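Asks:
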Amino acid sequence: MYRRVSADAGAHDDFGVAHHRAGRLDEAVAAFRTALRCDPGYANAACNLGKVLVELGDLDEATIWFERAIELEPNNGSFYLALVTGSADPLRPAHLDAMVRLGGATETLPREQRIGLHFALGAVYERQGRVGAAFQHLAAGNALKRADVGYDEAATLAFLRATEATFGDPYLQRVSGGGDPSERPIFIFGMPRSGSTLVEQVLAAHPAVVTAGENGLFGTIVRRHWPEIRASTLTELRLGIRRIGEEYLRATDAMAANGARLTDKSLDNLQLVPLVHAALPNARSIHVRRDDLDTCFSAFGTAFAERQVPFSYDLAELGRYHRACAIMMERWRALVPPERLLVVDYERLVSDFVAEAQRIVAFCGLPWDPACLAFHEVRRPVRTASSVQVRQPLYASSVGRARRFLAYLTPLTAALRG
């Protein structure tokens, strides 16, 4: 049943959404709280407030607001997904019963709520060990998402091949070392759900490091300038690439005050590793990788926001994209010296956290700080789907996660083999 929302509450909720998208999390919280003061029964504002509180690390209060949203609108499937993925507490039996009841009549829900409920039930059934039921719901949720994203696989894979050819060209390597010498940036990248957020949090806990999240700045600057410099003479190419590095540094000046190092976790930087090294030869790049099946299945089990990660909603497409990126990274590792490109394996990080954290910090040229061992207790904004997991203690249960679902993953395993 439609419920009219007061104009003031709706306006403040809109302000909160805008602040959230811009990364202004404190302002978003304030706006959502104002919306709820204007209209305490505004369920959507309650859920939105909970989501931002998750990113700020306050899972306890986030859970209160998710439960409040469900109390106000118990048939809203999207609210259950927020509760399942954003709460550190076990799901209450009453909430599970309501989810199961809704799951038997998903066709009555609006499309976005159907998607949310399928992913929520998939997560809950996986925790219960009900593999078949979990996969059934994840497959249904992904099919609905895939129909909405408009993913052009042929164009995407062609772009990856063209990128590899362009930035792997020996001609580009002749300008190596001519970029801006700043050591400020630390680029962290990998496939979605590979563990890059975990590495980011290790470094974010260091007092000499600030985080820029997934800002996409380097790629934006490259797209703006590359067409005009790619056909230049060697001298012009060298100058143009240096300008890319200088513009990136200017764009991040305000984020890294007082000489702080800056982490950039834009995952699409994976495609630009040689150009990063040419434009910023003293920057550090960290490639985080995880077991292929676990990486892909974790992405398949995630309802990414809006149209993010469009290749993740079909197992075969997901496998082909992952394989193309893996081939590209092998090429990049041959082009960038190991003192500027570190490979971190998620499984090793989980099993030997202290040694790996020390290796990561040392690679970045930073002195060791014990705060890096307590990263999961640090309340810092992290704009990714992994924000809940990285604030909980490390568990080895995420290693080998996909193996239980192997019987259902034939399209994925075939695509990964090529």
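Numbering (numbering that gives the first Met the number 0), first residue to last: 0 to 417.
Ideal placement from N, C-alpha and C gives every residue a C-beta, glycine not left out.
All of these numbers come straight from a predicted model, not from anything done at the bench.
1) Per DSSP, what kind of secondary structure is Asp344 in: helix, strand or coil?
2) Where in the stretch 256–341 do unbroken runs of the beta strand (DSSP E), each at least 3 residues long, occur, reported from the N-terminal end onward?
3) Considering just the uninterrupted stretch of the beta strand (DSSP E) at Pro191, what are its terminal residues?
4) In whole angstroms, what is the alpha-carbon distance linking Asp263 and Asp168?
5) For the alpha helix (DSSP H) holding Thr162, just list the boundary residues, first then last.
6) Tell me the DSSP bridge mates of Pro369?
7) Taking 8 Å as the limit between beta carbons, can you name the residues of its chain near Glu106, skipping five residues before and five after?
8) Would you call Ala61 buried or exposed, if buried means 16 or more other Cβ atoms sit within 10 Å of its Cβ?
9) Taking a contact to mean a Cβ-Cβ separation below 8 Å, would you say Leu261 touches Arg183 in this structure?
10) Between the alpha carbons of Leu48 and Pro337, how many angstroms are there, rounded?
11) Our contact map puts Gly15 next to Ala6 with C-beta atoms below 8 Å; I'd like the distance itself, whole angstroms only.
12) In terms of DSSP beta bridges, what is Thr234 paired with?
13) Rounded to the nearest angstrom, how far is the Cβ of Leu108 from that of Gly140, given a contact under 8 Å?
14) When burial is assigned at 16 or more other CB atoms within 10 Å of the CB, is Ile326 buried or exposed?
15) Can His276 and Ser181 be called in contact, C-beta distance under 8 Å?
16) Rounded to the nearest angstrom, what separates Phe352 and His205 at their Cα positions?
17) Under a three-way DSSP split, which group does Val209 fall into?
18) Quick one: grab the DSSP three-state call for Pro410.
19) Just mark Val51 as buried or exposed, buried being the case when its beta carbon has 16 or more other beta carbons within 10 Å.
20) Note down the Cα distance separating Leu317 from Asp38, rounded to an integer number of angstroms.
21) Considering only DSSP beta bridges, list what Ile185 is partnered with.
22) For Trp64, count neighbouring Cβ atoms within 10 angstroms of its own Cβ and tell me buried if that reaches 16, exposed if not.
23) May I ask which residues mark the beginning and end of the alpha helix (DSSP H) holding Asp13?
24) Could you check what DSSP says for Ser175 in three-state terms: helix, strand or coil?
25) Any idea what DSSP makes of Gly85, helix, strand or coil?
26) On the three-pair Cβ rule with 8 Å, is the stretch 352–365 touching the stretch 299–315?
27) Alpha carbon to alpha carbon, what distance is there between Glu245 and Phe166?
28) May I ask you to report which of helix, strand or coil DSSP gives Ala30?
29) Do Arg339 and Ser265 have their beta-carbon atoms positioned less than 8 Å apart in this structure?
30) Does DSSP classify Asn75 as helix, strand or coil?
31) What is the DSSP secondary structure of Tyr247, counted as helix, strand or coil?
32) To the nearest angstrom, report how far apart Arg110 and Asp147 are at their CA atoms.
33) Using only the alpha-carbon positions, how far apart do Arg332 and Pro226 sit?
34) So the alpha helix (DSSP H) Cys46 belongs to, where does it begin and stop?
Replies: Concretely, from the data shown:
1) Numbered from its first residue, the sequence shown carries residue 344 at position 345. Note: Asp344 maps to strand in three-state DSSP.
2) 260–263, 283–288
3) Position 192 of the sequence shown holds residue 191. Neither: Pro191 is in no beta strand (DSSP E) and is coded neither H nor E.
4) On the sequence shown, position 264 is the one that residue 263 refers to. On the sequence shown, position 169 is the one that residue 168 refers to. Distance between the alpha carbons of Asp263 and Asp168: 25 Å.
5) Position 163 of the sequence shown, counting from 1, holds the residue named residue 162. Note, Thr162: alpha helix (DSSP H), 152–166.
6) Against the sequence shown, residue 369 aligns to sequence position 370. Bridge partners of Pro369: none, in fact.
7) The sequence position of residue 106 within the sequence shown is 107, counting from 1. Once the five neighbours on either side are set aside, the close Cβ partners of Glu106 are Arg113.
8) Along the sequence shown, one-based indexing puts residue 61 at 62. Burial call: buried.
9) The residue labelled residue 261 in the question sits at position 262 within the sequence shown. The residue labelled residue 183 in the question sits at position 184 within the sequence shown. Yes, the pair counts as a contact, with Cβ atoms nearer than the cut-off.
10) Within the sequence shown, the letter at position 49 stands for residue 48. Within the sequence shown, the letter at position 338 stands for residue 337. When rounded, the distance between both Cα atoms is 43 Å.
11) The count along the sequence shown starts at 1 and reaches residue 15 at position 16. The count along the sequence shown starts at 1 and reaches residue 6 at position 7. 15 Å between Cβ atoms; not a contact.
12) By one-based count along the sequence shown, residue 234 stands at place 235. Paired residue(s): none; Thr234 is not in a bridge.
13) The residue labelled residue 108 in the question sits at position 109 within the sequence shown. The residue labelled residue 140 in the question sits at position 141 within the sequence shown. Not quite, the Cβ-Cβ distance comes to about 12 Å (not below 8 Å), so this is no contact.
14) The residue you call residue 326 lines up with position 327 of the sequence shown. Exposed, by the Cβ-count rule.
15) As a position in the sequence shown, residue 276 is number 277, starting the count at 1. As a position in the sequence shown, residue 181 is number 182, starting the count at 1. Result no, Cβ atoms of His276 and Ser181 do not sit closer than 8 Å.
16) Within the sequence shown, numbered from 1, the residue matching residue 352 stands at position 353. Within the sequence shown, numbered from 1, the residue matching residue 205 stands at position 206. Their backbone Cα atoms lie some 15 Å apart in a straight line.
17) Here residue 209 refers to the residue found at position 210 of the sequence shown. Here Val209 sits in strand by DSSP.
18) Here residue 410 refers to the residue found at position 411 when the sequence shown is read from its first residue. Helix at Pro410.
19) For the purposes of this step, residue 51 is taken as residue 52 along the sequence shown, with counting starting at 1. Buried.
20) Here residue 317 refers to the residue found at position 318 of the sequence shown. Here residue 38 refers to the residue found at position 39 of the sequence shown. Spanning the two alpha carbons is a distance of roughly 42 Å.
21) On the sequence shown, residue 185 is found 186 positions in, with the first residue counted as 1. Its beta-bridge partners are Thr262, Arg283.
22) For this step, residue 64 is matched to residue 65 along the sequence shown. Classification for Trp64: buried.
23) In the sequence shown, residue 13 corresponds to position 14, counting from 1. Taken as a continuous stretch (DSSP letters only), the alpha helix (DSSP H) holding Asp13 covers 6–20.
24) Indexing the sequence shown from 1 puts residue 175 at position 176. Ser175: coil per DSSP, three-state reduction.
25) Against the sequence shown, residue 85 aligns to sequence position 86. Of the three classes helix, strand and coil, the one that applies to Gly85 here is helix, per DSSP.
26) no
27) As a working mapping, residue 166 is identified with position 167 in the sequence shown. As a working mapping, residue 245 is identified with position 246 in the sequence shown. Using only the alpha carbons, I get a separation of about 19 Å.
28) The residue given as residue 30 occupies position 31 in the sequence shown. In the structure shown, Ala30 sits in a helix (DSSP, three-state: H, G or I).
29) As a working note, residue 265 is residue 266 in the sequence shown. As a working note, residue 339 is residue 340 in the sequence shown. Not in contact: Ser265 and Arg339 (Cβ atoms no closer than 8 Å).
30) Looking up residue 75 in the sequence shown gives position 76. In the structure shown, Asn75 sits in coil (DSSP, three-state: anything other than H, G, I, E or B).
31) What you label residue 247 is simply residue 248 of the sequence shown in a count that begins at 1. Correct three-state label for Tyr247: helix.
32) The residue labelled residue 110 in the question sits at position 111 within the sequence shown. The residue labelled residue 147 in the question sits at position 148 within the sequence shown. If I take the Cα positions, the gap works out to 10 Å.
33) For the purposes of this step, residue 332 is taken as residue 333 along the sequence shown, with counting starting at 1. For the purposes of this step, residue 226 is taken as residue 227 along the sequence shown, with counting starting at 1. Using only the alpha carbons, I get a separation of about 25 Å.
34) As a working note, residue 46 is residue 47 in the sequence shown. Here the alpha helix (DSSP H) through Cys46 covers 42–54.
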